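Below is one structure; the comments refer to it alone.
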Amino acid sequence: MSFTPVINGRPIFPIGAGTFGYGGGDKPLEPGSSLGAPFRDMSCATEQAELLRYVISRGVNLIDCAEMYGCGGSEEVVGQAIAGLQLTMRHRLVITSKVWRPALQQPQTIPGAVLGMLARLTVSQLDVLYVHALYEGTNMAEYLAAMNELVDEGLTKSIGLSNVTLDQLKTAQALSRHPIVAVQNLFSPLYHHDVGNKPSFSPELRAYCRGEGITMVAHTPLHLGSVASNKRLCDIAMTFGLEPAQLSLAWILHHGIVPIPHFGRHDFVEEDLRAAYTRLTPGAVLSVDRLDPEPIPARGVYVAA
Ligand SMILES: NC(=O)c1ccc[n+]([C@@H]2O[C@H](COP(=O)([O-])OP(=O)(O)OC[C@H]3O[C@@H](n4cnc5c(N)ncnc54)[C@H](OP(=O)(O)O)[C@@H]3O)[C@@H](O)[C@H]2O)c1
1029 MSFTPVINGR
1039 PIFPIGAGTF
1049 GYGGGDKPLE
1059 PGSSLGAPFR
1069 DMSCATEQAE
1079 LLRYVISRGV
1089 NLIDCAEMYG
1099 CGGSEEVVGQ
1109 AIAGLQLTMR
1119 HRLVITSKVW
1129 RPALQQPQTI
1139 PGAVLGMLAR
1149 LTVSQLDVLY
1159 VHALYEGTNM
1169 AEYLAAMNEL
1179 VDEGLTKSIG
1189 LSNVTLDQLK
1199 TAQALSRHPI
1209 VAVQNLFSPL
1219 YHHDVGNKPS
1229 FSPELRAYCR
1239 GEGITMVAHT
1249 PLHLGSVASN
1259 KRLCDIAMTF
1269 GLEPAQLSLA
1279 WILHHGIVPI
1289 PHFGRHDFVE
1299 EDLRAAYTRL
1309 TPGAVLSVDR
1319 LDPEPIPARG
1329 VYVAA
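Residue 1145 in the numbering used here sits at position 117 of the sequence shown, with consecutive numbering throughout.
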């Protein structure tokens, strides 16, 4: 492990837990479309909550949620998972969630949306409230003003941004009274070139975040699991005696970014968490740096095993 990340001054285990796919998911709006329609499905909630509790028992304390995941279903699964935890363990958690498009389009509804998140999560305060993405037809000055008031009122400790470029981050910083403490972008060995339609962590954005003390979080860090089937990546992993997911997460950590993989199976949990204790050689880092980008595969629906 090459660094100790913090959020709001609190140390976090260098690998967090993504919760997309708990309590539901999203379906493509039409075949081949990259736009999804979220749906709720609590049929596996008990197993998912049990798995998340196990992940927490292994030291993970950053839990990444969003209002949109499973139409609130994923926040409910997290609420179920942490409800039975001892208070000392609950106090260690750093829980983040994201305001989605409908509330960002109507900033006066953001307080109600956040109260809904808190109720589903069974907490009284979020650690970070993210802007999920900079959607068309939204007004950054207005929604950031609403989010700043929520910091003043104590409903969230701080504010973060997701899916942003360096310029967008600087604009948001200029508009926000409270600091932007975290940026969450798409970043994996197969997507770190700012080539697709979603912003990644360009070297410039990384340097800027480091300089500003902004915690960087990598979403979709395993490229939806396809790191395990990419021939080149698997070859590099084998050369260095690592598993592909372990190599991928260790490489993200090497760049000073906290990955938040989705955990759906116990055996993957073990493999993924090993990355926190894996130090890569310069040769391994360079080999992964040079991988060609790959399009994000179509999303399936997650179920707990
Ligand atoms: N801010 C945003 O706009 C945004 C967008 C997307 C995602 N996110 C966040 O990022 C989190 C992670 O992204 P994601 O869930 O989309 O995808 P991901 O973490 O890149 O990939 C998850 C997939 O990888 C598989 N996997 C996990 N460990 C593995 C291993 N050791 N070997 C092989 N496959 C493995 C998982 O399988 P199992 O399910 O069987 O474990 C699952 O199918 C989300 O849960 C969410 O919290 C944020």
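We treat Cβ as the ideally placed atom computed from N, Cα and C, and that holds for glycine. Predicted, not measured: the structure shown is a model, and the values here were computed from it.
Of all alpha-carbon atoms in LEU1281, ILE1285, VAL1255 and GLU1075, the one lying nearest the alpha-carbon of GLU1271 is that of VAL1255.
Excluding sequence positions up to five before and after ARG1081, its CB lies within less than 6 Å of the CB of ALA1109, all in the same chain and listed in chain order.
Looking at the DSSP output, ILE1040 shares a beta bridge with no other residue.
The three-state secondary structure of LYS1226, taken from DSSP, is coil.
Looking only at HIS1283, SER1125, ARG1120 and SER1085, the smallest Cα-Cα distance to GLU1104 is reached by SER1125. In this structure, VAL1127 keeps its C-beta atom at 8 Å or more from the C-beta atom of LEU1090.
For SER1257, the secondary structure class from DSSP, reduced to helix, strand or coil, is coil. Only residues of its own chain outside the window of five on either side were considered, and among them GLU1271, ALA1273 and GLN1274 have a CB closer than 8 Å to the CB of GLU1299, listed in chain order. Sequence-distant Cβ neighbours of LEU1189 in its own chain, meaning closer than 7 Å and more than five residues away, are TYR1158, VAL1159, LEU1197, ALA1200, ILE1208 and VAL1211. Secondary structure note for PHE1215: it is in no alpha helix (DSSP H), with a DSSP letter that is neither H nor E. Every beta strand (DSSP E) of 3 residues or more that sits fully in the segment 1160 to 1208 is shown, in chain order, as 1187 to 1190. For ILE1138, the CB contacts under 8 Å within the same chain, skipping 5 residues up- and downstream, are VAL1127, ALA1131, LEU1132, TYR1171, ALA1174, MET1175 and LEU1178 in chain order.
Counting only residues of its own chain and dropping the five nearest sequence neighbours on each side, ARG1238 has a CB closer than 7 Å to the CB of GLY1284. Remark: C-beta atoms of ASN1191 and ASN1167 do not approach each other more closely than 8 Å. Not one heavy atom of ligand 1 sits closer than 7 Å to the Cβ of THR1193.
ASP1054 is a Cβ neighbour of GLY1064, given a cutoff of 8 Å. Straight-line measurement puts the Cα of GLU1095 at about 13 Å from the Cα of GLY1107. For GLY1064, DSSP records a beta bridge to PRO1056. Straight-line measurement puts the Cα of ILE1187 at about 19 Å from the Cα of ARG1120.
For MET1244, the beta-bridge partners assigned by DSSP are VAL1211. Residue environment: ALA1202 is assigned as exposed (fewer than 16 neighbouring CB atoms within 10 Å of its CB, all protein chains considered). CA-to-CA, the gap between MET1266 and TRP1279 works out to about 15 Å.
As the crow flies, the alpha-carbon of PRO1056 is around 28 Å from that of HIS1294. Around the beta carbon of TYR1050, 16 or more other beta carbons lie within 10 angstroms, which makes this residue buried.
Following the DSSP letters along the chain, one finds LEU1132 inside the alpha helix (DSSP H) bounded by residues 1129 to 1133.
Scanning LEU1250, LEU1281 and PRO1325 for the CA closest to the CA of ARG1234 turns up LEU1281. With fewer than 16 neighbouring CB atoms inside 10 Å of its own CB, GLY1112 falls in the exposed class. The Cβ-Cβ distance between LEU1277 and ALA1312 does not fall below 8 Å. A Cβ-Cβ distance of about 28 Å is found for the pair SER1102 and PHE1031, leaving them out of contact under the 8 Å criterion.
Here DSSP, grouped into helix, strand and coil, assigns HIS1221 to coil.
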